[in-house]
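Letter 20 of the sequence shown, counting from 1, is numbered 43 in our numbering, and no numbers are missing. Written below as structure tokens is the structure these notes are about.
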Amino acid sequence: MRRFRLLSLTLGLLLSCTSPALSELLALLNYESKPDQSVRREGIAIMDIDPESSDFGKVLMEIPLPPDLVAHHIFFNRDRTKAYITALGK
Numbered sequence: 024m025r026r027f028r029l030l031s032l033t034l035g036l037l038l039s040c041t042s043p044a045l046s047e048l049l050a051l052l053n054y055e056s057k058p059d060q061s062v063r064r065e066g067i068a069i070m071d072i073d074p075e076s077s078d079f080g081k082v083l084m085e086i087p088l089p090p091d092l093v094a095h096h097i098f099f100n101r102d103r104t105k106a107y108i109t110a111l112g113k
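Shown next as structure tokens:
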């Protein structure tokens, strides 16, 4: 009986100390205006793609790029404070 009680207390303590892991499902999108539009617009956007999120489908951040830049590889850090972009040329 003493072992069972010790096991129960240990298990209870472990379960009370754990918390569920939270994560975001984000997508990094490169957008560009259509060729026939007079004003060229290009940029990158970070969108929430988690169907369970209240922000599902919303653009969380938008980073405009110069019109003469063609973004090629785009990376961002986890907290979305920095974007790293390589370009094909100007």
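Glycine is no exception: its CB is placed at the ideal position from the N, C-alpha and C atoms.
Inside the stretch 80 to 109, DSSP marks whole beta strand (DSSP E) runs of 3 or more residues at positions 82 to 88 and 94 to 99, from first to last along the chain. Under the DSSP definition of a beta bridge, residue 71 partners with 49.
Between residue 69 and residue 98, the C-beta spacing is not below 8 Å.
Residue 72 and residue 84 have their C-alpha atoms roughly 13 Å apart. A distance of 8 Å or more separates the beta carbons of residue 110 and residue 65.
Counting only the Cα atoms, residue 52 lies some 20 Å from residue 77. Spanning the alpha carbons of residue 58 and residue 82 requires a straight line of approximately 23 Å.
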